[in-house]
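Heads up: the structure comes next, in structure tokens.
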Amino acid sequence: MTVVIATRLREDRLGHLTAMHASLTRQSVPWEALISLDGADPGQLPAPLAADARVRVLPLPHPVGAACARNLALNEVRTPFVNWADDDDLFTDDAMTVRLRELERTGLGWCAGYSEDLHPDGTTRLWRCPTPPGRHAAGDVWTYWKDPSDTIPIGPTTILARTDLVRAAPMGGLVQGEDYLTAIGVTCLAPGVLVPVPVYRYRKHPGQMTRQDTYDVLEPAARRHAWNYGRSLRAVLSVPATSSAAGVV
């Protein structure tokens, strides 16, 4: 499996990126990490990542934004499964094993889990997404997002999915909330399963995007766009194919 991480290698996040890498080294299944450098200098990559043969780097010549940097990295994924991640978060020690085994056992398109908020003092708080544990048919996850202003129905970075599926539902063209679209797209295009196990730790810190003063300005519009996308995609996919006898104009 491949973990795709977009980063600008900001000084205040290099320690977090090193910790993310350390969490990958504790996984018990084979993995690769693909680091998409969003206009950053490859020479600033932390030494543990630069020395790890499992880490590949995609340098981009100038900043393009997180969504574009992640999507361009998706071109370079060469494993059957992929997982998005942020440069300031962590995976739990059994995150990959639990979900990969579930995918191999069931043959489903995606497997997600719970996430935990990781606070500066090292304490964690479990976040149970609105989607209940268990198997879900394609499109059903969106139904647990009752209104755009509600909490998103599933954690995007908790999803391990088939690479071909993620390529069919990549990051959306938004400056924020782009991961809402990939989570909704993946879960609309294929059945999957949510396991009631924490697989991801979302770091709370002053430098995170959601803590910035401008975050709330576009968040309602981003959520509404992703919610409408899910509603429309689910509706289109649920319509039976029309008979060729009806003709096409």
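Just so we're on the same page, the working numbering is the position in the sequence shown counted from 1, plus 24. Don't be surprised by glycine CBs; every beta carbon is placed ideally from N, CA and C. Quantities reported herein were computed from a predicted structural model and do not represent experimental measurements.
Item: Segment contact flag, the stretch 38–45 with the stretch 61–73, C-beta cutoff 8 Å, min 3 pairs; Value: yes
Item: Leu114 and Leu184 closer than 8 Å at C-beta; Value: no
Item: Coil, strand or helix - Asp141 by DSSP; Value: strand
Item: Where His229 falls, given that 16 or more other Cβ within 10 Å makes a residue buried; Value: exposed
Item: Within 8 Å, strictly: CB atoms of Asp62 and Val88; Value: yes
Item: Residue-level contact to chain C via CB, Thr42, 8 Å cutoff; Value: Protein chain content of the structure displayed is limited to a single chain, and chain C is not contained in it.
Item: Distance, Gly216 Cα to Glu126 Cα; Value: 10 Å
Item: Residues of its chain near Pro180, where Cβ-Cβ distance is below 8 Å and the 5 sequence neighbours each way are ignored; Value: Trp108, Asp203, Tyr204, Thr206, Ala207
Item: Alpha-carbon spacing of Asp188 relative to Gly137, whole angstroms; Value: 20 Å
Item: Ile29 to Asn99 span [Cα, whole Å]; Value: 13 Å
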